[in-house]
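J.:
In our numbering, the protein residues as written are 9 to 451.
1. Nearest to residue 87 by CA position, among 69, 70, 71 and 111, is which residue?
2. Do the CB positions of residue 154 and residue 172 come within less than 8 Å of each other?
3. Using a Cβ-Cβ cut-off of 6 Å (strictly less than) and excluding sequence neighbours within five positions of residue 412, which residues of its own chain qualify?
4. State the Cα-Cα distance for the pair residue 391 and residue 421, rounded to the nearest angstrom.
5. Measuring alpha carbon to alpha carbon, tell me which of 89, 247, 267 and 416 ends up nearest residue 203.
6. Considering only residues of the stretch 237 to 274, which uninterrupted beta strand (DSSP E) runs meet the minimum length of 3 residues and lie entirely inside it, listed in chain order?
7. Kindly indicate which three-state DSSP category residue 345 falls into: helix, strand or coil?
8. Which runs of the alpha helix (DSSP H), 4 residues or longer, sit entirely within the stretch 386 to 431?
9. Please report the Cβ distance between residue 416 and residue 341, rounded to the nearest whole angstrom; I am assuming they are in contact, meaning their Cβ atoms lie under 8 Å.
10. Please confirm whether residue 445 has its beta-carbon closer than 8 Å to some beta-carbon of chain B.
11. Excluding sequence positions up to five away, which residues of its chain have a Cβ less than 6 Å from the Cβ of residue 365?
12. Report buried or exposed for residue 262, applying the criterion of at least 16 other Cβ atoms within 10 angstroms of its Cβ.
13. Of the residues 329, 168, 103 and 268, which one's Cα is nearest the Cα of residue 234?
14. Give me the Cα-Cα distance between residue 78 and residue 21, rounded to the nearest whole angstrom.
15. Run through the DSSP bridge pairs and tell me what residue 234 is partnered with.
16. Exposed or buried, what is residue 403 when buried is set at 16 or more other beta-carbons lying within 10 Å of its beta-carbon?
17. When you compare the CB positions of residue 25 and residue 60, do they come within less than 8 Å of one another, or not?
18. Could you name each continuous alpha helix (DSSP H) segment of 4 residues or more that falls completely within the stretch 105 to 130, going from the start of the chain to the end?
19. Are residue 201 and residue 229 closer than 8 Å when you measure CB to CB?
20. Apply the 10 Å Cβ neighbour rule to residue 118 and answer buried if 16 or more other Cβ atoms are within range, or exposed otherwise.
21. Please go through the same chain and pick out, in chain order, the residues whose beta-carbon is closer than 7 Å to the beta-carbon of residue 126, but skip the five residues on each side of it.
22. Can you find at least 3 beta carbon pairs, one from the stretch 92 to 110 and one from the stretch 156 to 168, that sit closer than 8 Å?
23. Please confirm whether residue 269 and residue 13 have their CB atoms less than 8 Å apart.
24. Report the start-end ranges of each alpha helix (DSSP H) in the stretch 147 to 183 that is 4 residues or longer and not cut off at the edges.
25. Can you look up residue 52 in the DSSP assignment and give me helix, strand or coil?
26. Candidates 164, 54, 146 and 243: which alpha carbon is nearest residue 80's?
27. Identify whether residue 311 lies in helix, strand or coil by the three-state DSSP scheme.
28. When DSSP builds the beta bridges, which residues end up paired with residue 43?
29. Hey, how far is the Cα of residue 223 from the Cα of residue 181?
30. Excluding the 5 residues flanking residue 246 on each side, which residues of the same chain have their C-beta closer than 6 Å to its C-beta?
31. Between 183, 185, 152 and 191, which has its C-alpha nearest residue 166's C-alpha?
32. Under three-state DSSP, which class holds residue 138?
33. Please check the pair residue 31 and residue 381, which I expect to be a contact at CB under 8 Å, by giving their CB distance rounded to whole angstroms.
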């Protein structure tokens with residue numbers, strides 16, 4: 009079977025957690041390649057809701073290698089708290105969980121300075137989670153970061169924490185903030201190092217050996233393509249690369265290790281935080297999507313902005329990631345609509361745009377051109393067989409496929425694992441469906 013990247017084609021919150029968890033039985037390892045504990049990957053197992061922030065979504069399947077790559081930034085306390093919470097759900101063994109030695113760490117001064125920065129931006133704030141993700145990446149790129157492997161060397165850790173804390177305190181004082189005590193931070197992070205030591209490993213080497221042995225790997229992305237630092241709606245983006253290329257740089261594997269990219273796309277669109285959102289709805293339709301879709305952030309609880317499906321944006325996401333196959337999630341949220349709109353182009357200064365503009369200043373000013381398709385007005389929630397879906401829903405699916413030039417190979421009709429439709433012939437050679445179905449039935 010193939011090594012695949014699973015990523016979101018929109019602004020995040022597409023339902024990647026369920027899909028990664030669902031497909032995990034077909035893979036030896038699940039490897040997270042970017043982001044931090046700003047991600048919220050939600051998985052439901054027998055009605056129980058489990059939200060994962062740092063640990064890969066394959067962790068609920070015992071015996072699966074769960075790897076956190078160098079492209080992830082890690083708050084040690086968040087990692088240890090998540091690990092402790094999981095112990096009541098699943099047996100997480102040291103040998104099946106690894107954190108890259110070269111993953112950068114988040115320290116308290118990162119969150120402190122991010123909150124101050126967001127407040128200073130006022131109405132132009134990015135809308136981050138203020139968990140220190142961006143500032144940690146800033147330190148990484150500025151070549152002054154502290155990495156997970158440094159936790160294993162107390163003398164080196166002391167040197168780096170004292171040097172960095174002194175520099176950050178200078179900024180904090182200028183902004184009227186209380187300075188942090190380096191000795192206190194050192195004590196905390198020495199303790200974190202002792203507790204994390206069994207998990208800090210060479211993730212790139214583990215992946216190399218796994219792939220060389222012929223075992224398939226699932227590369228798990230966080231957030232979504234339109235939040236990518238390079239290819240998203242800059243500056244209203246995350247600080248890493250959720251795009252497929254991020255799997256290589258964020259895990260230490262070559263591009264030849266990736267056989268396919270599977271995009272996850274919601275049947276409508278949502279966005280959290282600030283930034284342009286051409287199809288955003290402010291009417292009753294938008295409220296219906298939010299209510300029926302339970303559109304609140306898994307990490308922050310913030311309400312998500314809702315809108316119609318944006319085929320221009322989704323097509324762009326498929327193009328820059330080489331996506332030919334997608335998973336469509338939450339179509340049941342549209343069950344009650346008699347008509348459904350899809351944005352197929354934009355208008356800007358009287359001109360029609362069929363390509364996604366990379367300039368945020370343009371995207372903020374476009375208006376969407378919609379095509380309207382009939383709704384199916386009957387429940388698809390929980391459906392498990394494609395042939396039994398309403399004809400109007402199949403038409404909608406084909407309409408989306410045509411507009412984004414990608415084939416819908418999986419349809420998620422609910423939050424539970426078994427509430428899923430696989431289009432078997434389209435998945436042949438990509439995923440071992442027998443293993444997936446066996447894992448779902450035995451869960």
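Every residue gets a Cβ at the ideal spot worked out from N, C-alpha and C, and that includes glycine. Predicted model only: the values in this text are computed from it and were never measured.
T.: Result, derived from the coordinates:
1. As a working note, residue 87 is residue 79 in the chain shown. Closest option to residue 87, Cα to Cα, is 111.
2. The residue labelled residue 154 in the question sits at position 146 within the chain shown. The residue labelled residue 172 in the question sits at position 164 within the chain shown. Yes, the Cβ-Cβ distance between residue 154 and residue 172 is below 8 Å.
3. Counted from its first residue, the chain shown places residue 412 at position 404. So the qualifying residues of the chain are 319, 322, 323 and 326.
4. The sequence position of residue 391 within the chain shown is 383, counting from 1. The sequence position of residue 421 within the chain shown is 413, counting from 1. Distance between the alpha carbons of residue 391 and residue 421 is about 6 Å.
5. On the chain shown, position 195 is the one that residue 203 refers to. The candidate whose alpha carbon is nearest that of residue 203 is 89.
6. 268 to 274
7. Residue numbering aside, residue 345 sits at position 337 when the chain shown is read from its first letter. In this structure, residue 345 counts as coil in the three-state DSSP scheme.
8. 399 to 412
9. The residue given as residue 416 occupies position 408 in the chain shown. The residue given as residue 341 occupies position 333 in the chain shown. With a Cβ gap of about 16 Å, residue 416 and residue 341 do not count as contacting.
10. In the structure shown, chain B cannot be found, because there is only a single protein chain.
11. Reading the chain shown from its first residue, position 357 is the one you call residue 365. Closer than 6 Å at the Cβ level, and outside the excluded window around residue 365, lie 371.
12. Start at 1 with the first residue of the chain shown, and residue 262 comes out as number 254. Under this definition residue 262 is an exposed residue.
13. As a working mapping, residue 234 is identified with position 226 in the chain shown. Looking at the Cα atoms, 329 is the closest of the given residues.
14. Locating residue 78 in the chain shown gives position 70, where the first residue counts as 1. Locating residue 21 in the chain shown gives position 13, where the first residue counts as 1. Looking at the two C-alpha atoms, the distance is approximately 23 Å.
15. Counted from its first residue, the chain shown places residue 234 at position 226. DSSP output for residue 234 lists no bridge partner at all.
16. Taking the first residue of the chain shown as position 1, residue 403 is located at position 395. Classification for residue 403: exposed.
17. The sequence position of residue 25 within the chain shown is 17, counting from 1. The sequence position of residue 60 within the chain shown is 52, counting from 1. Yes, these two residues count as a Cβ contact at 8 Å.
18. 116 to 129
19. On the chain shown, residue 201 is found 193 positions in, with the first residue counted as 1. On the chain shown, residue 229 is found 221 positions in, with the first residue counted as 1. No.
20. Here residue 118 corresponds to residue number 110 of the chain shown, with the count starting at 1. The residue is buried, with at least 16 neighbouring Cβ atoms inside 10 Å.
21. Indexing the chain shown from 1 puts residue 126 at position 118. So the qualifying residues of the chain are 133, 134, 136 and 138.
22. yes
23. Translated into positions along the chain shown, residue 269 becomes position 261. Translated into positions along the chain shown, residue 13 becomes position 5. Yes, they are a contact pair.
24. 162 to 182
25. Residue mapping note: residue 52 aligns to position 44 of the chain shown, counting from 1. Strand at residue 52.
26. Residue numbering aside, residue 80 sits at position 72 when the chain shown is read from its first letter. Ranking the options by Cα distance to residue 80, first place goes to 146.
27. Residue numbering aside, residue 311 sits at position 303 when the chain shown is read from its first letter. In this structure, residue 311 counts as strand in the three-state DSSP scheme.
28. Counted from its first residue, the chain shown places residue 43 at position 35. Its beta-bridge partners are 80.
29. For this step, residue 223 is matched to residue 215 along the chain shown. For this step, residue 181 is matched to residue 173 along the chain shown. Rounded to the nearest angstrom, the two C-alpha atoms are 52 Å apart.
30. Counted from its first residue, the chain shown places residue 246 at position 238. Taken in chain order, the residues that qualify are 231 and 235.
31. Within the chain shown, the letter at position 158 stands for residue 166. Minimum Cα distance to residue 166 is reached at 191.
32. As a first step, residue 138 must be located in the chain shown, where it is residue number 130. Coil.
33. Your numbering for residue 31 matches position 23 in the chain shown. Your numbering for residue 381 matches position 373 in the chain shown. About 29 Å separates the two Cβ atoms, so there is no contact after all.
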